[in-house]
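S.K.: Order-wise, the sequence lines are chains A and B.
In this text, residue positions in the first sequence follow my numbering: the first is 1, and each later residue adds one.
In this text, residue positions in the second sequence follow my numbering: the first is 368, and each later residue adds one.
In this text, a Cβ means the ideal position worked out from N, Cα and C, and glycines have one as well.
To start, I am sharing the structure in question, which I have written as structure tokens.
Number of protein chains: 2
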Amino acid sequence: MKRYILLTPGPTPLPPSVSQAMAQPILHHRTKEFGALFEYTLEQMKYVFRTQASTVLMCTTSGTGMMESAVANLLSPGDKALVHATGAFGDRFVKILRSYGLSPVVVSETWGHAADPEKLRRALKDNPGLKAVFFQHTDTSTGVLNALEPLARAVRELQPEALVVVDAVSGLAAERLETDAWGLDVVLTGSQKGLMGAPGLGFAAVGQRAWARVEEAKLPRFYFDWRSMRKSLDKKETPYTPAVTLVAGQAEALKLIRAEGIENVWARTSRLAGYTRAWAAKVGLQLFARDPAAILTALKLPEGVDGDALIKDILREEGISIAGGQLQLKGKIIRIAHMGFISQADLDAGFAALEKRLAPSGAVRSA
Amino acid sequence: MKRYILLTPGPTPLPPSVSQAMAQPILHHRTKEFGALFEYTLEQMKYVFRTQASTVLMCTTSGTGMMESAVANLLSPGDKALVHATGAFGDRFVKILRSYGLSPVVVSETWGHAADPEKLRRALKDNPGLKAVFFQHTDTSTGVLNALEPLARAVRELQPEALVVVDAVSGLAAERLETDAWGLDVVLTGSQKGLMGAPGLGFAAVGQRAWARVEEAKLPRFYFDWRSMRKSLDKKETPYTPAVTLVAGQAEALKLIRAEGIENVWARTSRLAGYTRAWAAKVGLQLFARDPAAILTALKLPEGVDGDALIKDILREEGISIAGGQLQLKGKIIRIAHMGFISQADLDAGFAALEKRLAPSGAVRSA
């Protein structure tokens, strides 16, 4: 028997009432009872997305499936698109586009740096005729925050025909995002991070300009077809059997978010980020990201520390899950999450586990 | 407060221990703990699929997404395929194939009739060069059982290059299915019917002949790409964050199935089907399907009975979910499921609710 603490940037720990909601008896998905739960969930998602103008869709899938749905619903063979990549999840958009036979323009930032609006402006001038530009709100792999407002403004000014598509899987309900006020055409997210749900649900806020494109887009799609998802909304249904228990949990988590207030959720996440960074400064660990988001703190490990062995040891001995680096950052950084139901006490437990292992060799100071 | 009874053919009711497993704290999906749970689930799925030769894959999606994954992973633009359709789910295969730009040959049976091997043989002779033939094990819309063994044999004899692809979403773990012994190349299913899990997980048993095709198939796919699912199996992982709570529930449900023994599960489902049909004969309701499966009993409603109003009334007044007819059968039949955790007492409650409403007008006799 072990008590686990999750400090990973998704899945994040679940509030007890969310777990309890998921253990309730299964509702059939074509009933008034489920319809009410589903409608409530989508209404609260509009609140979290900060949109009145967009339609919110839901699909049983991981965040990656939701990213793919944006590609398949918005583009046609031969369409030009641009990805402004700031880490592994920007690269994922590139891979998805290529798997559909498209050849996106890629603007890459050094990992740890946010998307540079000036660099984007040059790329928009050099590549006319773009149908869509893809961004991450925050990139989970690097802990970077992208300033979506000036990025979206650059697209609107220089290529008004291009849609602004944002992957906010790790940032939504953790970091300020304003779908309507910032002019974002499509915003995508998943249930298992700031939204405090269990993994398995994807959501998309799809604006009017995007819907016009969906009607004419020619890439193949069936399960991910936004047209059938929208059509089913009239009956408060999904086109195919949804993950009923996950919806029950998500509805409960959204009730908690609504009660706290989304601005307070952002402020809490930001406070935990500040708390973690104050601890890191005390023990002498440096931030990896030059332009850090509040969703997580990515810390560089001192030379000679094997990050993979460190986090495996902490999980085995203490039951605390801390994330390591992905791809080129494997073993070189650790990532401590602040979104969702993670508490200051959880962070303290993580800090203690790290200090216990790194202070004796002098790799860090004691706080 | 209302106590619900689910007599619908998916989602089916969950055993209490499955609900409890889903309410356990979230495990991170890149840990040894989750890896063990995932590996156990796939191992037991091999037992349920009756295969040693196939690789079992899992994806967070509904059954329809799993059906689409078979199309996208096995075929290339211009490929010829055949669908032997026996209801709404055969028609769905046709729609998926068409959404990918393919033009399948369609062999259709009258709803309620099983796929006729002789009809299939003629179609196989008339349409050389097929790459795949798609079947349903049981079609949930009509309650029909297809005799997969002779159907698969016909494909092997007449078109040995064609893959046999079976949608067993509603039939698996309810009705005998032998992946290896019957020579089925691909068998697809979902978590929410005979498997007694919550909806949201899809599984596929993919045999060696199918894998060769997957490597050369050219239809676009990313989230549904079986190659990345197979690659991740080496690390006991999924390519993207899986629905962790649903896997925990599914593992528990598979433990129950394993303890009962799959032959006993089939026998129990069949007993409940017989029990329901004996009741139907007593009250004078006729079976809709000429070739009925054990997964559910579809019953024709007497002239003048509005089936939609009937089942809505029963749900509202008694908390019992009974399924109606789909598409052309809307309002004309009711479907009472027998798969998964449905009990004889649940059926008795459903029978009482039906008799109470239909006997006074003489639409049925009292049992």
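Starting from the Cα of F351 (chain A), find the closest Cα among A:R365, A:S62, A:F341 and give me that residue.
M.R.: Locating residue 351 (chain A) in the first sequence gives position 351, counting from the first residue. Of the listed residues, the one whose Cα sits closest to F351 (chain A) is A:R365.
S.K.: Please classify N631 (chain B) as buried or exposed, where buried requires at least 16 other C-beta atoms within 10 Å of its C-beta.
M.R.: What you label residue 631 (chain B) is simply residue 264 of the second sequence in a count that begins at 1. It is exposed - the Cβ of N631 (chain B) has fewer than 16 other Cβ atoms within 10 Å.
S.K.: Is the Cβ of P242 (chain A) closer than 8 Å to any Cβ of chain B?
M.R.: Taking the first residue of the first sequence as 1, we reach residue 242 (chain A) at position 242. Closer than 8 Å: yes.
S.K.: Under 8 Å between the Cβ atoms of R335 (chain A) and A298 (chain A)?
M.R.: Counted from its first residue, the first sequence places residue 335 (chain A) at position 335. Counted from its first residue, the first sequence places residue 298 (chain A) at position 298. For R335 (chain A) and A298 (chain A), yes; Cβs fall inside 8 Å.
S.K.: Kindly list, in the order they appear in chain A, the residues whose Cβ is closer than 7 Å to that of Q559 (chain B).
M.R.: As a first step, residue 559 (chain B) is located in the second sequence; it is residue number 192 there, counting from the start. Going along chain A in sequence order, the residues near Q559 (chain B) (Cβ under 7 Å) are T241.
S.K.: Quick one, are the C-beta atoms of I26 (chain A) and V244 (chain A) less than 8 Å apart?
M.R.: Counting from one through the first sequence, the residue named residue 26 (chain A) turns up at place 26. Counting from one through the first sequence, the residue named residue 244 (chain A) turns up at place 244. Cβ distance < 8 Å, so I26 (chain A) and V244 (chain A) count as in contact.
S.K.: Helix or strand or just coil, what does DSSP make of R417 (chain B)?
M.R.: Taking the first residue of the second sequence as 1, we reach residue 417 (chain B) at position 50. The answer is coil: DSSP assigns R417 (chain B) none of H, G, I, E or B.
S.K.: Using a Cβ cut-off of 9 Å, pull out every chain B residue sitting near Q20 (chain A), in sequence order please.
M.R.: Numbered from its first residue, the first sequence carries residue 20 (chain A) at position 20. Ordered by position in chain B, the residues that pass the 9 Å Cβ test against Q20 (chain A) are A390.
S.K.: Contact defined as beta carbons within less than 8 Å: I believe Q617 (chain B) pairs with P378 (chain B). What is the distance between those atoms, to the nearest angstrom?
M.R.: Locating residue 617 (chain B) in the second sequence gives position 250, where the first residue counts as 1. Locating residue 378 (chain B) in the second sequence gives position 11, where the first residue counts as 1. About 13 Å separates the two Cβ atoms, so there is no contact after all.
S.K.: Flag A565 (chain B) as yes if its beta-carbon sits less than 8 Å from any beta-carbon of chain A, otherwise no.
M.R.: Within the second sequence, residue 565 (chain B) is the residue found at index 198, counting from 1. So yes, A565 (chain B) belongs to the interface.
S.K.: For D506 (chain B), count neighbouring Cβ atoms within 10 angstroms of its own Cβ and tell me buried if that reaches 16, exposed if not.
M.R.: Residue 506 (chain B) sits at position 139 when you count from the first residue of the second sequence. Flag for D506 (chain B) reads buried.
S.K.: Quick one: grab the DSSP three-state call for S733 (chain B).
M.R.: For the purposes of this step, residue 733 (chain B) is identified with residue 366 of the second sequence, where counting begins at 1. If DSSP states are grouped into helix, strand and coil, S733 (chain B) belongs with coil.
S.K.: Which residues share a DSSP beta bridge with V472 (chain B)?
M.R.: Within the second sequence, the letter at position 105 stands for residue 472 (chain B). Partner(s): B:L449.
S.K.: List, in chain order, every chain B residue whose beta-carbon is nearer than 8 Å to that of Y100 (chain A).
M.R.: For the purposes of this step, residue 100 (chain A) is taken as the residue at position 100 of the first sequence. Simply P587, F589.
S.K.: Note down, in chain order, each residue of its chain lying with its Cβ closer than 6 Å to the Cβ of G651 (chain B), except the 5 sequence neighbours on either side.
M.R.: As a working note, residue 651 (chain B) is residue 284 in the second sequence. Cβ neighbours of G651 (chain B) beyond the five flanking positions: V731, R732.
S.K.: At 8 Å on the CB atoms, spell out the chain B contacts of K95 (chain A), in chain order.
M.R.: As a first step, residue 95 (chain A) is located in the first sequence; it is residue number 95 there, counting from the start. Those are F589, listed as they occur along chain B.
S.K.: Report all residues from its chain with a CB closer than 6 Å to the CB of T605 (chain B); omit the five preceding and five following residues, and keep chain order.
M.R.: For the purposes of this step, residue 605 (chain B) is taken as the residue at position 238 of the second sequence. These residues qualify, in order along the chain: S599.
S.K.: With a threshold of 6 Å on Cβ separation, who are the neighbours of F134 (chain A) within its own chain once the five nearest residues in sequence on each side are excluded?
M.R.: In the first sequence, residue 134 (chain A) corresponds to position 134, counting from 1. V83, F93, V165.
S.K.: Output needed for R221 (chain A): all residues of its chain with C-beta closer than 8 Å, excluding positions within five of it in sequence on either side, in chain order.
M.R.: Position 221 of the first sequence, counting from 1, holds the residue named residue 221 (chain A). Cβ neighbours of R221 (chain A) beyond the five flanking positions: S69, A72, N73.
S.K.: Please report the distance separating the alpha-carbon of R121 (chain A) from that of F49 (chain A).
M.R.: Counted from its first residue, the first sequence places residue 121 (chain A) at position 121. Counted from its first residue, the first sequence places residue 49 (chain A) at position 49. So the two alpha carbons sit approximately 26 Å from each other.
S.K.: The alpha helix (DSSP H) that contains A665 (chain B), what's its start and end?
M.R.: Taking the second sequence and counting its residues from 1, one reaches residue 665 (chain B) at position 298. That residue, A665 (chain B), is in no alpha helix (DSSP H); its beta strand (DSSP E) goes 663-667.
S.K.: For R683 (chain B), count neighbouring Cβ atoms within 10 angstroms of its own Cβ and tell me buried if that reaches 16, exposed if not.
M.R.: Translated into positions along the second sequence, residue 683 (chain B) becomes position 316. That one is exposed.
S.K.: Is the Cβ of P11 (chain A) closer than 8 Å to any Cβ of chain B?
M.R.: The count along the first sequence starts at 1 and reaches residue 11 (chain A) at position 11. Answer yes: the Cβ-Cβ gap between P11 (chain A) and chain B drops below 8 Å somewhere.
S.K.: Would you kindly work out how many angstroms separate the C-alpha atoms of W279 (chain A) and A367 (chain A), rounded to a whole number?
M.R.: On the first sequence, residue 279 (chain A) is found 279 positions in, with the first residue counted as 1. On the first sequence, residue 367 (chain A) is found 367 positions in, with the first residue counted as 1. Using only the alpha carbons, I get a separation of about 7 Å.
S.K.: Please name the residue or residues paired with P292 (chain A) in a DSSP beta bridge.
M.R.: If you number the first sequence from 1, residue 292 (chain A) lands on position 292. A:V144.
S.K.: Measuring CB to CB, does I194 (chain A) end up less than 8 Å from L201 (chain A)?
M.R.: Within the first sequence, the letter at position 194 stands for residue 194 (chain A). Within the first sequence, the letter at position 201 stands for residue 201 (chain A). Per the sequence shown, the amino acid found at residue 194 (chain A) is Gly instead of Ile. Going by C-beta atoms, G194 (chain A) is not nearer than 8 Å to L201 (chain A).
S.K.: Check the C-beta distance from A85 (chain A) over to S108 (chain A) and give it rounded, since I have them as a contact under 8 Å.
M.R.: Position 85 of the first sequence, counted from the first residue, corresponds to residue 85 (chain A). Position 108 of the first sequence, counted from the first residue, corresponds to residue 108 (chain A). Sure, about 5 Å apart at Cβ, within 8 Å.
S.K.: Can you give the Cα-Cα distance for D126 (chain A) and A147 (chain A), rounded to whole angstroms?
M.R.: Taking the first sequence and counting its residues from 1, one reaches residue 126 (chain A) at position 126. Taking the first sequence and counting its residues from 1, one reaches residue 147 (chain A) at position 147. Near 22 Å, if we compare the C-alpha coordinates of A147 (chain A) and D126 (chain A).
S.K.: Locate the beta strand (DSSP E) running through R702 (chain B), then write down its first and last residues.
M.R.: For the purposes of this step, residue 702 (chain B) is identified with residue 335 of the second sequence, where counting begins at 1. First-last of the beta strand (DSSP E) with R702 (chain B): 700-704.
S.K.: Closest Cβ-Cβ distance between E237 (chain A) and chain B: below 8 Å?
M.R.: The residue you call residue 237 (chain A) lines up with position 237 of the first sequence. Not an interface residue.
S.K.: Pick out whichever of B:M706, B:G686, B:L668, B:A716 has its Cα sitting closest to the Cα of Q653 (chain B).
M.R.: As a working mapping, residue 653 (chain B) is identified with position 286 in the second sequence. It is B:L668 whose Cα lies nearest to the Cα of Q653 (chain B).
S.K.: Residues of chain A with CB under 7 Å from H755 (chain B), in chain order?
M.R.: Nothing about residue 755 (chain B) can be read from this structure; chain B reaches only from 368 to 734.
S.K.: What three-state label does DSSP hand T499 (chain B) in the structure shown?
M.R.: Translated into the one-based positions of the second sequence, residue 499 (chain B) becomes position 132. Note that residue 499 (chain B) corresponds to Ala in the displayed sequence, not to Thr. It is a strand residue.
S.K.: Taking C-alpha atoms, which residue in A:F224, A:I311, A:L347 lies nearest to T60 (chain A)?
M.R.: Taking the first sequence and counting its residues from 1, one reaches residue 60 (chain A) at position 60. Among A:F224, A:I311, A:L347, the Cα nearest to that of T60 (chain A) is on A:F224.
S.K.: For the candidate residues A:K32, A:I342, A:R213, A:I257, whose alpha-carbon lies nearest to that of L130 (chain A)?
M.R.: Here residue 130 (chain A) refers to the residue found at position 130 when the first sequence is read from its first residue. Residue A:R213 is the option with its Cα nearest to L130 (chain A).
S.K.: Quick check: what's the CA-CA separation for L358 (chain A) versus P150 (chain A)?
M.R.: The residue labelled residue 358 (chain A) in the question sits at position 358 within the first sequence. The residue labelled residue 150 (chain A) in the question sits at position 150 within the first sequence. Between L358 (chain A) and P150 (chain A), the C-alpha separation is close to 41 Å.
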